[in-house]
Structures are given as structure tokens and as C-alpha cells.
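Here's the structure, in C-alpha cells; my notes come after.
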Amino acid sequence: MNPTDTLTRKDFVSDQQVRWCPGCGDYAILASVQGVFAQLGIPREKIVIISGIGCSSRFPYYVDCYGFHTIHGRAPTIATGLKASRPDLSVWVVTGDGDGLSIGGNHLLHALRRNIDINIMLFNNRIYGLTKGQTSPTSEFGKVTKSTPLGNIDRPVAPISFALSAEASFVARSADVFGAHLQDMLKAAASHKGSSFIEIFQNCNIFNDGTWKHVTDRGSREENVLFLEHGKPMVFGKNGDRGIRLNGLQPEVVTIGENGITEADLAVHDEADESLAYLMSRVESPEFPVPMGVFRRERFPTLGESIHAQIDAAKAKNEPDLMALLHSGDTWEV
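For the sequence shown, the working numbering puts the final residue at 558, and the numbers step up evenly by one.
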């Protein structure tokens with residue numbers, strides 16, 4: 225791409241008809257991704273989207289760049305190979321809570337712990353949508369579905385906790401309808417060197433409509449969402465008068481101005497504090513707001529950097545000599 229060329233969202237809109245249910249949250253995510261790609265300053269031929277199986281995995285057809293629609297749960301593995309062989313590419317994985325955390329859980333874990341320089345977007349609607357409404361790994365305990373008519377008896381996976389436990393160096397969360405916030409998270413992931421994981425709350429209006437309503441509804445989101453900002457106290461609420469204080473290792477909701485509590489008493493978000501990030505990923509009580517934003521961001525050597533460092537060190541130690549290599553060790557004449 226010529227540096228003087230300016231890409232727009234329309235440049236990343238493919239000629240394929242988008243085949244999602246009317247009202248699906250994937251439409252909003254698609255628009256955000258296309259808009260962000262246009263702002264990265266990366267040629268379309270240098271961007272690759274890799275997906276597995278599921279509604280979200282149709283993504284490669286709808287973005288005008290390179291892409292792979294692969295097999296169930298294995299998108300992180302294919303992305304690993306591509307990034308290792310072509311470090312110049314911007315590689316994005318699109319997966320869902322079923323594809324990424326069920327059959328693909330092992331592949332996702334190792335992609336994150338290896339700190340591969342790829343960006344993983346996990347759409348979480350807490351249901352299997354493509355196969356028509358069965359429980360997924362993130363479905364709530366007790367949820368009644370076609371596969372659990374008496375209620376789900378499995379404890380749900382917490383995607384952010386999973387990613388942090390796997391040592392992902394960038395972990396964030398947003399929602400399909402939080403357009404500006406979601407784009408900020410996508411741009412932050414793109415600029416991060418290492419494994420980037422973004423959980424995106426996504427509404428399936430056919431099989432699990434309103435599962436994130438308490439977070440996304442305009443009338444209640446200010447009281448139910450905590451936007452994490454590095455170096456700033458954890459404040460939320462319509463009037464900005466509520467916050468999070470640490471009582472030992474237990475986060476608790478407090479009201480500023482009551483019982484002598486001031487903003488100085490609140491917890492301050494630190495993207496390098498892995499323990500704090502994990503604490504915030506585990507809050508599940510109804511009175512506690514849902515944290516959104518970057519939970520963790522740290523810079524470590526990526527898998528690609530480590531691979532090429534090993535190769536360079538081996539070359540420096542031993543001058544390559546193909547014939548000497550062929551005649552080394554045990555040989556036979558036949």
C-alpha cells in the first residue's frame with residue numbers, strides 16, 4: 225500500500241452477502257473490525273483472519289482481506305503456524321465461546337501461553353447458536369436449553385480468567401454495541417506485541433436474546449459496567465459516585481461520600497498487576513459491576529522473536545555447512 229493511500233471501512237467490505245440472523249450482534253462487531261482495519265495503516269494483503277466453526281467463524285468471508293475458514297477449535301493452531309512462518313502478517317483469530325473454549329480450549333490455551341503475536345477475538349453469547357441453542361462452556365449454571373431441559377449443571381468457564389491463567393500478555397473485554405470502546409480495544413490489541421485476547425459480549429437474539437442486557441441496556445449500563453482505565457481509580461455509576469475498594473483480597477462496592485470514603489480509598493487499576501486483573505475477572509455477585517477494558521497488558525518476548533533468536537544464535541555458533549552436516553554421524557554406503 226502506498227503511504228499516501230487512505231483506506232476506509234468500505235475497502236474492507238467484501239462482495240459476499242452477510243448471512244447472519246437479522247439483529248445478530250455479529251453485524252456490529254463486523255462493522256467495528258472493518259473500521260479499525262482501515263485505521264491500522266496495514267495493506268489488506270498483509271491482514272489475515274482465521275476462524276473455526278460457528279456463526280462468528282463466517283467472518284473471513286465478510287472482510288476483504290486474506291482469510292481461512294478452518295476446522296472446529298483449531299484456528300489458533302493454524303494462526304500459530306502462519307505467524308511463525310510469516311511474521312510480517314497481522315493475524316487475527318475469530319472464535320466463539322463454543323468453538324474456542326470447548327473443542328478448541330487446549331489450542332487456545334497454548335496459543336496464549338506461547339505469547340504468539342496474534343490477536344484473538346472470542347465472541348461470547350453463552351450459547352451454541354449455529355447448532356440451534358444448546359448450552360456452551362460459558363452458559364450460566366441452571367440455564368434451561370434444548371440440551372439441558374432440567375437446567376445446566378456445569379459451572380461456566382470465565383473467559384477472562386482463562387486467558388489470564390494461560391499467561392496471555394494482553395487481555396481485554398468489550399461488547400458488540402459498545403462501538404467506540406470496542407474499536408479502542410481492537411486498536412490496542414493490534415498495537416500490542418504478543419498474544420492479544422479480547423472477549424466480546426455478543427447477543428444471539430434468536431437462541432439467547434438479552435443475555436447481556438444488564439450490561440448493554442442504555443438505561444442500566446452505567447450502574448452495571450466498570451470501565452477499567454490504567455492508572456485511574458475504579459469509579460462507576462451514573463453520577464460517578466460509586467467505586468471499588470479492596471478489602472484485603474476481596475473487591476467490594478462502596479459509595480463515595482458515605483462513611484468518610486473518598487476517591488483516594490478506591491483501588492487503582494494497573495494493567496501490569498496480574499493479581500489485581502485476576503481478582504477483577506472473578507467478581508460475579510449481582511451487585512458488582514461488570515469490568516470492561518484492558519485487564520492486563522505486559523510486554524514479553526513473543527514466540528516468533530524467541531524462534532528467530534534461537535536460529536540466529538545457532539548460525540553464529542556454527543557456520544552452516546551442508547556437506548559437513550550430511551556426512552556427520554553414522555553413514556552407510558548402499
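Every residue gets a Cβ at the ideal spot worked out from N, C-alpha and C, and that includes glycine.
Tell me which residues share the same chain as residue i and place their Cβ nearer than 6 Å to its Cβ, disregarding the 5 neighbours each side in the sequence.
{"i": "I422", "result": "M345, A396, M409, A413"}
{"i": "Y502", "result": "L388"}
{"i": "V459", "result": "G467"}
{"i": "K279", "result": "The question names Lys, but residue 279 is Cys in the sequence shown. Closer than 6 Å at Cβ, skipping near neighbours: G353, L354."}
{"i": "P311", "result": "G528"}
{"i": "I266", "result": "S314"}
{"i": "V368", "result": "G375"}
{"i": "M547", "result": "none"}
{"i": "K411", "result": "V260"}
{"i": "G553", "result": "none"}
{"i": "Y290", "result": "V272"}
{"i": "H416", "result": "F394"}
{"i": "V558", "result": "none"}
{"i": "F451", "result": "M516, G517"}
{"i": "G305", "result": "none"}
Starting from residue i, follow its DSSP beta bridges and name the residues at the other end.
{"i": "Q474", "result": "N471"}
{"i": "I253", "result": "Paired residues: none, contrary to the question."}
{"i": "T479", "result": "R466"}
{"i": "H293", "result": "S275"}
{"i": "N376", "result": "N376 is not bridged to any residue."}
{"i": "M345", "result": "V318, I422"}
{"i": "F451", "result": "M516"}
{"i": "Q358", "result": "Y352"}
{"i": "G237", "result": "Here residue 237 is Val; the residue named in the question, Gly, does not match the sequence. Answer by DSSP bridge pairing, in chain order: V287."}
What residues in its chain sit with their C-beta under 8 Å from that of residue i, if we drop five residues either side in the sequence?
{"i": "V478", "result": "R466, G467, I468, R469, I485, D489, L490"}
{"i": "L254", "result": "V242, F283, Y286, V287"}
{"i": "H331", "result": "G297, R298, A299, P300, T301"}
{"i": "N348", "result": "G320, D321, T362, P383, E423, I424, F425, Q426"}
{"i": "R506", "result": "A382, S385"}
{"i": "T228", "result": "Model confidence at T228 stands at a pLDDT of 41, short of 50, so the residue's coordinates are unreliable and nothing is read from them."}
{"i": "G328", "result": "G276, H296, G297, R298, A299, P300, T319"}
{"i": "L473", "result": "L503"}
{"i": "H293", "result": "S275, S281, R282, P284, Y285"}
{"i": "T359", "result": "I351, Y352, K367, T369, S371, T372, N376, D378"}
{"i": "P525", "result": "N339, A533"}
{"i": "T555", "result": "none"}
Among residues of its own chain, excluding the 5 on either side of residue i, which ones have a beta-carbon nearer than 7 Å to its beta-carbon?
{"i": "E222", "result": "Because the chain spans 225 through 558 in this model, residue 222 falls outside it and cannot be assessed."}
{"i": "E200", "result": "Since the first and last residues shown for the chain are 225 and 558, residue 200 lies out of range."}
{"i": "E391", "result": "L336, R337"}
{"i": "K234", "result": "none"}
{"i": "S398", "result": "H405, L406, M409, I422, I424, M516"}
{"i": "L333", "result": "A390"}
{"i": "R445", "result": "V439"}
{"i": "G481", "result": "D465"}
{"i": "K270", "result": "D312, L313, S314"}
{"i": "S256", "result": "G403, L406, Q407, L410"}
{"i": "G357", "result": "I351, T369, K370, F431"}
So, under 8 Å CB-CB, residue i and residue j are touching, yes? Tell me the CB distance rounded to an integer number of Å.
{"i": "G418", "j": "D341", "result": "6 Å"}
{"i": "G528", "j": "A308", "result": "6 Å"}
{"i": "S393", "j": "N343", "result": "In fact, because the Cβ distance is near 12 Å, the residues do not count as touching under 8 Å."}
{"i": "A252", "j": "D400", "result": "4 Å"}
{"i": "G461", "j": "E447", "result": "6 Å"}
Which residues bound the alpha helix (DSSP H) around residue i?
{"i": "V315", "result": "Taken as a continuous stretch (DSSP letters only), V315 belongs to no alpha helix (DSSP H), being part of the beta strand (DSSP E) at 314-320."}
{"i": "G329", "result": "329-337"}
{"i": "S499", "result": "498-505"}
{"i": "L546", "result": "546-550"}
{"i": "V492", "result": "Per DSSP, V492 belongs to no alpha helix (DSSP H) and is neither H nor E."}
{"i": "M458", "result": "Element bounds for M458: n/a, residue is neither H nor E."}
{"i": "G439", "result": "Checking the sequence shown, residue 439 turns out to be Val, not Gly. Note, V439: alpha helix (DSSP H), 437-440."}
{"i": "I384", "result": "383-389"}
{"i": "T304", "result": "299-309"}
{"i": "D408", "result": "403-415"}
{"i": "D536", "result": "527-541"}
{"i": "F283", "result": "283-286"}
{"i": "R445", "result": "445-448"}
Check for me: the beta strand (DSSP E) holding residue i runs from which residue to which?
{"i": "F519", "result": "514-521"}
{"i": "F394", "result": "394-399"}
Just checking, does the segment 316-330 make contact with the segment 503-523 on the three C-beta pairs under 8 Å criterion? Because the criterion of three Cβ pairs below 8 Å is not met, the segment 316-330 and the segment 503-523 do not touch.
Quick check: the segment 263-280 against the segment 306-317, are at least 3 beta-carbon pairs closer than 8 Å? Enough Cβ pairs lie closer than 8 Å, so yes.
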